[in-house]
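Residue numbers (the working numbering), protein chains in the order written: chain A, 1 to 335; chain B, 1 to 335. Glycine included, each C-beta is placed from N, C-alpha and C at the ideal position. Predicted model only: the values in this text are computed from it and were never measured. Here is the structure we will look at, set down as structure tokens.
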């Protein structure tokens with residue numbers, strides 16, 4: 001049994017830089033046709049020069065793979081319209097982080113006051129630049145995303161023409177926003193379709209499943225699964241695959257992030273197959289994203305087959321999700 | 001500035017066995033006059049011979065310290081009244097674990113059906129044996145203790161003469177039970193007075209603060225603090241100090257437990273001092289427990305002084321809470 005995906009896209013990906021970039025970029029570039037690449041490097045990507053230089057390093061790292069990195073800028077409220085006009089030639093989106101909310105987000109916005117953000121968001125809206133948001137407050141860890149709902153509502157109402165992507169949503173409240181605001185969209189990760197807080201901290205503590213936003217409750221996972229399996233047109237796959245070296249995961253004070261890039265398409269196929277929803281997968285992993293971002297992906301055919309695949313214990317020094325486990329589907333070949 | 005505690009007691013302590021016992025027992029025995037010692041060894045303590053042999057190993061491990069181990073049996077629903085009559089000469093309490101709920105609890109009760117437990121609980125009630133309960137269901141990790149409330153209610157109603165200790169409570173719902181049922185009591189740990197889930201998983205993941213029950217919300221910590229600082233007469237200090245070797249904490253699949261025994265009295269003094277509640281500490285760490293358990297502790301005077309103490313990075317291969325940090329109070333001497 002095989003299943004073919006055309007031009008799968010990862011609409012939220014961390015490729016990092018230097019050695020780590022060289023390790024992980026080919027793993028994404030093998031199966032995916034493109035990815036929205038996050039700009040939270042150290043220092044963050046805030047200039048056109050930095051975008052172009054990073055893109056060049058990515059292109060070098062992916063080697064012969066047929067893959068298009070879709071670049072983003074790290075959101076700053078002091079960008080000028082002139083700058084954004086030029087940037088719009090090179091980036092698809094700006095990624096907004098509340099300051100300090102996740103890995104390398106220290107330079108993010110200190111306040112979500114709409115008036116402070118207005119000049120940049122109006123320019124983005126006019127220029128057709130997408131706003132990608134890490135939507136968490138600095139409240140109690142299980143409430144951070146829910147507390148951000150009112151901020152999403154304010155943003156959606158204040159900038160009705162701006163496309164706003166709620167990144168890596170994890171709650172039923174975020175899901176509910178999709179049908180209430182025309183200009184709110186969402187990415188959903190693989191791991192949030194699979195795990196709850198019970199998997200992270202309900203038995204032994206599992207640092208490799210620790211991520212931000214943290215995995216929530218069963219009813220939240222249900223809500224995410226529901227819109228993903230139904231190929232809700234405003235929902236896109238975005239892995240948030242976030243590699244950390246093993247010594248930053250199995251330690252005292254572990255970094256947040258789940259590394260899923262090399263196994264994402266296989267596990268998604270298994271999951272959608274299990275739910276008799278394989279027919280929805282193409283929309284979830286590619287078509288919806290192309291429509292939302294108004295962009296035509298590189299053509300690539302990924303043929304998956306229902307043949308077991310043993311996941312390695314580590315790619316270099318990075319432990320993937322499902323390390324040492326066997327998946328039901330594997331990638332047979334890529335055209 | 002000094003503060004003297006008379007015969008501090010730790011009403012919930014894990015001393016483990018063999019090398020670990022030899023490492024941790026003296027650390028508790030130095031500052032505490034006694035402790036309720038948990039029976040969840042491998043295999044668990046279920047016979048009088050095992051109780052006496054374990055007590056002997058503990059006494060050997062504590063060396064010259066003036067310290068009384070208060071022994072417990074691992075609850076089994078098939079104990080006979082005859083057995084419990086003999087056991088009552090050697091143990092103060094039975095510890096009930098729902099099967100599989102925490103470290104070494106696999107042999108716990110598979111069902112909390114009152115009728116199945118009735119023969120043993122009636123005998124315990126008649127014999128004045130205390131029932132110590134790990135009160136968690138196998139539900140969602142943040143709800144497990146709250147879901148156990150109805151079980152505590154059923155137990156308290158069905159056995160009105162049985163003293164039931166809700167161990168290491170972490171929620172405001174458990175606190176509220178104290179004033180609703182005459183025969184419900186509670187132990188509170190040091191770490192649950194200090195941390196919430198935010199400290200475990202709100203920033204970087206902190207395996208050394210991972211415990212069961214998992215730390216909850218701010219309002220839960222407030223409720224615990226409130227009754228502890230007020231020396232509520234039904235609340236006792238029980239550290240649940242649970243040593244694990246470092247390779248079982250800083251790893252992939254980390255064990256639950258916070259090791260607080262060697263720093264508990266110092267930190268409690270700091271905490272109660274900060275809240276202008278030093279006058280309550282004696283009741284919280286000793287007097288309440290003696291009244292509840294109907295027992296006279298060994299006499300011991302622990303003189304603490306407000307002199308900084310640097311906590312070591314590790315005791316043997318066990319990392320304590322506040323490792324490498326400096327506490328405001330230290331133990332000056334013990335008489």
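- Going by C-alpha positions, residue 310 (chain A) is about 6 Å away from residue 327 (chain A).
- Pairing residue 237 (chain A) with residue 203 (chain B), the inter-Cα distance amounts to about 25 Å.
- Unbroken beta strand (DSSP E) runs of no fewer than 3 residues, entirely contained in the segment 244 to 320 of chain A, are found at 301 to 305, following chain order.
- In the three-state reduction of the DSSP assignment, residue 164 (chain B) falls in the strand class, which pools E and B.
- For residue 110 (chain B), the nearest beta carbon of chain A is not closer than 7 Å to its own beta carbon.
- Within the segment 242 to 263 of chain B, 249, 250, 251, 252, 253, 254, 255 and 256 place their CB atoms closer than 8 Å to a CB of chain A, listed in sequence order.
- Under a 10 Å Cβ-count criterion, residue 40 (chain B) is classified as buried, with 16 or more other Cβ atoms of the shown protein chains found around its own Cβ.
- DSSP lists B:10 and B:69 as the beta-bridge partner residues of residue 35 (chain B).
- With a cutoff of 7 Å on beta-carbon distance, residue 250 (chain B) and residue 252 (chain A) are scored as near each other.
- As DSSP reads the structure, residue 331 (chain A) sits in a beta bridge with A:304.
- Residue 35 (chain A) and residue 160 (chain A) have their C-alpha atoms spaced approximately 26 Å apart.
- Listed along chain B are 140, 142 and 143, each with a C-beta nearer than 9 Å to that of residue 217 (chain A).
- In the pairwise beta carbon analysis, the segment 8 to 22 of chain B is classified as not touching the segment 312 to 330 of chain A: fewer than three pairs are separated by under 8 Å.
- Taking the C-beta atoms as reference points, residue 72 (chain B) is found nearer than 7 Å to residue 93 (chain B).
- From the listed residues A:123, A:308 and A:313, the smallest Cα separation to residue 330 (chain A) is found for A:308.
- Cβ-Cβ distances below 6 Å link residue 181 (chain B) to 156 in the same chain, with the five nearest sequence neighbours on each side left out; the list follows chain order.
- The C-beta distance from residue 232 (chain A) to residue 178 (chain A) rounds to 7 Å, short enough to fall under 8 Å.
- With fewer than 16 other CB atoms across the displayed protein chains lying within 10 angstroms of its CB, residue 1 (chain B) is exposed.
- In chain order, 141 make up the part of chain A whose C-beta sits under 7 Å from the C-beta of residue 202 (chain B).
- Looking at the DSSP output, residue 241 (chain A) sits in a beta bridge with A:13.
- For residue 233 (chain A), the nearest beta carbon of chain B is not closer than 7 Å to its own beta carbon.
- When C-alpha distances from residue 102 (chain A) are compared across A:281, A:214 and A:151, the shortest belongs to A:214.
- Excluding its 5 nearest sequence neighbours in each direction, residue 59 (chain A) has C-beta neighbours in its own chain below 8 Å: 69, listed in chain order.
- Here residue 4 (chain B) is exposed, its C-beta having fewer than 16 other C-beta atoms within 10 Å.
- Proximity of the segment 5 to 13 of chain B to the segment 264 to 283 of chain A falls short of the contact definition, fewer than three beta-carbon pairs being nearer than 8 Å.
- In this structure, residue 332 (chain B) and residue 301 (chain B) do not form a Cβ contact; the two beta carbons are roughly 11 Å apart against a cut-off of 8 Å.
- Take residue 158 (chain A), set aside five residues on each side of it, and the residues of its chain with a beta-carbon closer than 7 Å to its own are 114, in chain order.
- Shown here, residue 92 (chain A) sits in coil according to DSSP, grouped into three states, outside any helix or strand.
- Looking at the DSSP output, residue 74 (chain B) sits in a beta bridge with B:95.
- It is roughly 21 Å from the alpha-carbon of residue 293 (chain A) to the alpha-carbon of residue 224 (chain A).
- Residue 220 (chain A) is positioned such that its CB atom lies closer than 7 Å to that of residue 171 (chain A).
- Neighbours of residue 208 (chain B) across chain A, judged by C-beta separation under 8 Å: 252.
- Interface annotation, residue 214 (chain A): in contact with chain B, CB-CB separation under 7 Å.
- Judged by DSSP secondary structure, residue 184 (chain A) falls outside any alpha helix (DSSP H) and instead within the beta strand (DSSP E) spanning 184 to 188.
- With respect to the 7 Å criterion, residue 37 (chain A) and residue 15 (chain A) are classified as neighbours on the basis of their beta carbons.
- Residue 193 (chain B) is outside the set of residues whose beta carbon lies under 7 Å from a beta carbon in chain A.
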